[in-house]
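In mature numbering (1 follows the signal peptide of the UniProt record, and there is no 0), the protein residues as written are -26 to -1, 1 to 260.
For every residue, glycine included, the Cβ atom is placed at its ideal position computed from N, Cα and C.
This one's a predicted model, so the numbers in the text were calculated from it and none came from an experiment.
Here is the structure we will look at.
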């Protein structure tokens, strides 16, 4: 993949750092060519470069998916792995968040890759970024170490663990707060899902809330064999965790073809097959 010159890279980084704040940062679009993907296609032919988090629970699946997208588009696929020194804080285990700064994401999409795998569809995403059609829509589950994962079967006063600020955490807080004091449960927040599952195993908590692919990834796709029961039936709604590919907002053609490829791979069962091959479904195909 052709790289910007050293002088251009230094200029880009300096200007981006200066403008990195709210709407002012978005104005830094002018320092890179319009529609970088179309520009690269003219220079290099049909090639897609994806940034990827190699430590993520979805990493192997996302590599396979990117290759499938490339095959469907008759494009060569390459990867740029986010290195250990790139992360401002180490990625959380069994999580879905990309813990890069906005400045880092902007520069990576300008210099290193055409699309960034694993981005959450969120209203808080910056204006200069667009997310493709999601290739995953993950649910939140209640998980226990007993035969039942129904909240009604957990004695009042017992503790439910959850990763702080995870999908459903606010809903859990609201739900518990609306119950009578004598007929409710306690909430204990944890910094990451891995620690929460460890506390469930050692009996510190009686149940936990976790996104389904975090649980499947922790158990190789077989939570029951690992001693867990889980249920999608929660007494309050939790928005799905939708994950797609991030592109620059101005790379409209690229975002369109990626979204169309994802739709086709979902329709023909490829995405479901790749999830199963990477241990991200259970024995029932969930």
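**Prompt:** Can residue 133 and residue 159 be called in contact, C-beta distance under 8 angstroms?
**Reply:** Position 159 of the chain shown, counted from the start, is the residue given in the question as residue 133. Position 185 of the chain shown, counted from the start, is the residue given in the question as residue 159. Closer than 8 angstroms, so yes.
**Strand pairing of residue 185, partner residues [DSSP]** = Taking the chain shown and counting its residues from 1, one reaches residue 185 at position 211. Beta-bridge pairing links residue 185 to 114.
**Item:** Residue burial classification, residue 227 (beta-carbon count within 10 angstroms, cutoff 16)
**Value:** Residue numbering aside, residue 227 sits at position 253 when the chain shown is read from its first letter. Classification for residue 227: exposed.
**Prompt:** Taking contact to mean at least 3 C-beta pairs separated by less than 8 angstroms, is the segment 216 to 227 in contact with the segment 98 to 112?
**Reply:** yes
**Message:** Once DSSP output is grouped into helix, strand and coil, what is the label at residue 93?
**Reply:** Position 119 of the chain shown, counting from 1, holds the residue named residue 93. Note: residue 93 maps to strand in three-state DSSP.
**Item:** Three or more C-beta pairs below 8 angstroms linking the segment 138 to 147 and the segment 161 to 174
**Value:** yes
**Request:** Determine the burial state of residue 187: buried for a count of at least 16 other Cβ atoms within 10 Å of its Cβ, exposed for fewer.
**Result:** In the chain shown, the residue the question calls residue 187 occupies position 213. By the 10 Å Cβ count, residue 187 comes out buried.
**Item:** Three-way DSSP call (helix, strand, coil) for residue 22 in this model
**Value:** By 1-based counting over the chain shown, the position of residue 22 is 48. Strand.
**Prompt:** Per DSSP, what kind of secondary structure is residue 220 in: helix, strand or coil?
**Reply:** As a working note, residue 220 is residue 246 in the chain shown. In this structure, residue 220 counts as strand in the three-state DSSP scheme.
**Asked** Would you call residue 50 buried or exposed, if buried means 16 or more other Cβ atoms sit within 10 Å of its Cβ?
**Response** If you number the chain shown from 1, residue 50 lands on position 76. Burial call: exposed.
**Asked** Leaving out the 5 sequence neighbours to the left and right, which residues in its chain are closer than 6 angstroms to residue 43 when beta-carbon positions are compared?
**Response** The residue you call residue 43 lines up with position 69 of the chain shown. Within the same chain, residue 43 has close Cβ partners 235.
**Asked** residue 70 and residue 25: beta carbons closer than 8 angstroms?
**Response** Translated into positions along the chain shown, residue 70 becomes position 96. Translated into positions along the chain shown, residue 25 becomes position 51. Not in contact: residue 70 and residue 25 (Cβ atoms no closer than 8 angstroms).
**Message:** By the three-class DSSP mapping on this structure, what secondary structure does residue 137 have?
**Reply:** As a first step, residue 137 is located in the chain shown; it is residue number 163 there, counting from the start. Looking at residue 137 - three-state DSSP - the assignment turns out to be strand.
**Message:** Within 10 Å of its beta-carbon, does residue 4 have 16 or more other beta-carbons around it, so buried, or fewer, so exposed?
**Reply:** Residue 4 sits at position 30 when you count from the first residue of the chain shown. Interpretation of residue 4 is limited by its pLDDT of 46, a score under 50 that renders its predicted location unreliable; no figure is taken from the coordinates.
**Item:** Distance between residue 250 and residue 41 (C-alpha atoms, nearest Å)
**Value:** Along the chain shown, read from residue 1 onward, the residue named residue 41 stands at position 67. Along the chain shown, read from residue 1 onward, the residue named residue 250 stands at position 276. When rounded, the distance between both Cα atoms is 16 angstroms.
**Request:** May I ask you to list the residues that DSSP assigns as paired with residue 37?
**Result:** Stepping through the chain shown from its first residue, residue 37 is reached at position 63. None; residue 37 has no bridge partner.
**Prompt:** When you compare only the Cα positions, how much space is there between residue 247 and residue 172?
**Reply:** By one-based count along the chain shown, residue 247 stands at place 273. By one-based count along the chain shown, residue 172 stands at place 198. Each residue's alpha carbon lies about 29 angstroms from the other.
**Asked** Cα separation between residue 144 and residue 113?
**Response** One-based indexing of the chain shown puts residue 144 at position 170. One-based indexing of the chain shown puts residue 113 at position 139. Distance between the alpha carbons of residue 144 and residue 113 is about 15 angstroms.
**Prompt:** How many whole angstroms separate the CB atoms of residue 189 and residue 202, which I take to be in contact at a CB cut-off of 8 angstroms?
**Reply:** Start at 1 with the first residue of the chain shown, and residue 189 comes out as number 215. Start at 1 with the first residue of the chain shown, and residue 202 comes out as number 228. Yes, residue 189 and residue 202 are in contact; Cβ-Cβ is about 7 angstroms, under 8 angstroms.
**Prompt:** By Cβ distance below 8 angstroms, which residues in the same chain neighbour residue 197 in space, the five residues on each side in sequence not counted?
**Reply:** Here the question's residue 197 lines up with position 223 in the chain shown. Once the five neighbours on either side are set aside, the close Cβ partners of residue 197 are 117, 189, 190, 203, 204, 256.
**Prompt:** Which same chain residues, not among the five before or five after residue 63, have their C-beta less than 8 angstroms away from its C-beta?
**Reply:** Here residue 63 corresponds to residue number 89 of the chain shown, with the count starting at 1. Answer for residue 63: 73, listed in chain order.
**Where residue 179 sits in the DSSP three-state scheme** = The residue given as residue 179 occupies position 205 in the chain shown. Residue state, collapsed to three classes: coil.
**Message:** Let me check one thing: in DSSP terms, what residues is residue 98 bridge-paired to?
**Reply:** For the purposes of this step, residue 98 is taken as the residue at position 124 of the chain shown. None, per the DSSP bridge assignment.
**Prompt:** Nearest to residue 208 by alpha carbon, out of 78, 185, 192, 90?
**Reply:** Walking along the chain shown from the start, residue 208 turns up at place 234. Here the closest residue by C-alpha is 185.
**Request:** Consult DSSP for residue 50 and reduce its assignment to one of helix, strand or coil.
**Result:** Your numbering for residue 50 matches position 76 in the chain shown. DSSP places residue 50 in strand when its eight states are reduced to three.
**Request:** Measure the alpha-carbon distance for residue 97 versus residue 215 and round it to whole angstroms.
**Result:** In the chain shown, counting from the first residue as 1, residue 97 sits at position 123. In the chain shown, counting from the first residue as 1, residue 215 sits at position 241. So the alpha carbons of these two residues sit roughly 13 angstroms apart.
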